[in-house]
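Encoded as structure tokens, the structure appears first; notes follow it.
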Amino acid sequence: MTTIADRLAVAQSRIAQAAQKCARLPHSIRLLAVSKTKPMEDIIAAYDAGQRCFGENYVQEGVTKIEALKATHPDIEWHFIGPLQSNKTALVAQHFDWMHTLSREKIAQRLNEQRPAHLAPLNVCIQINISDEDTKSGIDAEQMLPLADSISQLPHLQLRGLMAIPSATNDIAQQTRELSELKQLFDTLKQHYPAVDTLSMGMSNDLDVAVECGSTMVRIGSAIFGERDYGAKETTRN
Numbered sequence: 001m002t003t004i005a006d007r008l009a010v011a012q013s014r015i016a017q018a019a020q021k022c023a024r025l026p027h028s029i030r031l032l033a034v035s036k037t038k039p040m041e042d043i044i045a046a047y048d049a050g051q052r053c054f055g056e057n058y059v060q061e062g063v064t065k066i067e068a069l070k071a072t073h074p075d076i077e078w079h080f081i082g083p084l085q086s087n088k089t090a091l092v093a094q095h096f097d098w099m100h101t102l103s104r105e106k107i108a109q110r111l112n113e114q115r116p117a118h119l120a121p122l123n124v125c126i127q128i129n130i131s132d133e134d135t136k137s138g139i140d141a142e143q144m145l146p147l148a149d150s151i152s153q154l155p156h157l158q159l160r161g162l163m164a165i166p167s168a169t170n171d172i173a174q175q176t177r178e179l180s181e182l183k184q185l186f187d188t189l190k191q192h193y194p195a196v197d198t199l200s201m202g203m204s205n206d207l208d209v210a211v212e213c214g215s216t217m218v219r220i221g222s223a224i225f226g227e228r229d230y231g232a233k234e235t236t237r238n
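So for the sequence shown, full-length UniProt numbering puts the first residue at 1; every next one is plus one.
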């Protein structure tokens, strides 16, 4: 039977192969294991296989896992990668290490105000709507620098880079076009903020193209943990 450790090794190998094809160092691309809707036993199995970075989409579910594992697995790095409502910002500010989906100044200000003083600044990525879809979260490209400027003035947030969810397509040309555009925006952002170092893009279906286009963090879920059973979960957790 294929285990989580086996699937994790396959994902890491795929990243390494994609990196080698474009003359990049495999360790320059981090693997974020997306554990949403998955039980804590699966996270522990991935942890035991060497994985340390986990992504959660639902605030309360993520906090429950963080609280349950913080004593026994304190070196897990927790990333919030889902949409965030303003009434849930305190939970993200108090419990997570990263927040990938920042797209509003109001949310940035709330996260900054609610980040506990004893914790390191919350690492944040600005989410760009790179596919220009009405159903996708994120800001337009021209809004990136004004939002980055606002974030840079908040002492309890650390701007790390950009995140996007491209079109769900197998069209390599379209994938390349969208991901290359995000890389250009990333390079522009880095010119203004040299500490920026994270380009969070790429999932199972576009991982190879994402790495070729410069991704530094890929988000993989079902390829590691198996398909998700959303029907068994509550529908209102954010």
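Built from N, CA and C at the ideal position, the CB exists for glycine as well.
Can you give the Cα-Cα distance for Gln143 and Arg7, rounded to whole angstroms?
38 Å
Please state the DSSP three-state secondary structure of Thr101.
strand
What are the start and end residues of the alpha helix (DSSP H) that includes Leu8?
Ile4 to Lys21
What's the gap between the Cα of Leu162 and the Cα of Thr3?
32 Å
Alpha carbon to alpha carbon, what distance is there between Glu212 and Ala18?
7 Å
Mind checking Cys22: buried by the 16 CB within 10 Å criterion, or exposed?
exposed
Under the three-state reduction of DSSP, which class applies to Val196: helix, strand or coil?
coil
Cutting at 7 Å between CB atoms, please list the residues of its own chain near Asp149, excluding the five before and the five after it.
none
So, with DSSP's three-state summary, where would you put Ser222?
helix
For Phe96, which three-state DSSP category applies?
coil
Identity of the residues DSSP links to Arg30 by a beta bridge
Met217
Phe186 versus Phe54 - alpha carbon distance
23 Å
Which same chain residues end up closer than 8 Å to Ile220 when comparing Cβ atoms and leaving out the 5 residues on each side of it in sequence?
Ala11, Leu31, Leu32, Ala33, Val34, Met203, Ser204 and Leu207
By alpha-carbon positions, which one of Thr169, Gly226, Gly214 and Leu25 ends up nearest to Glu181?
Gly214
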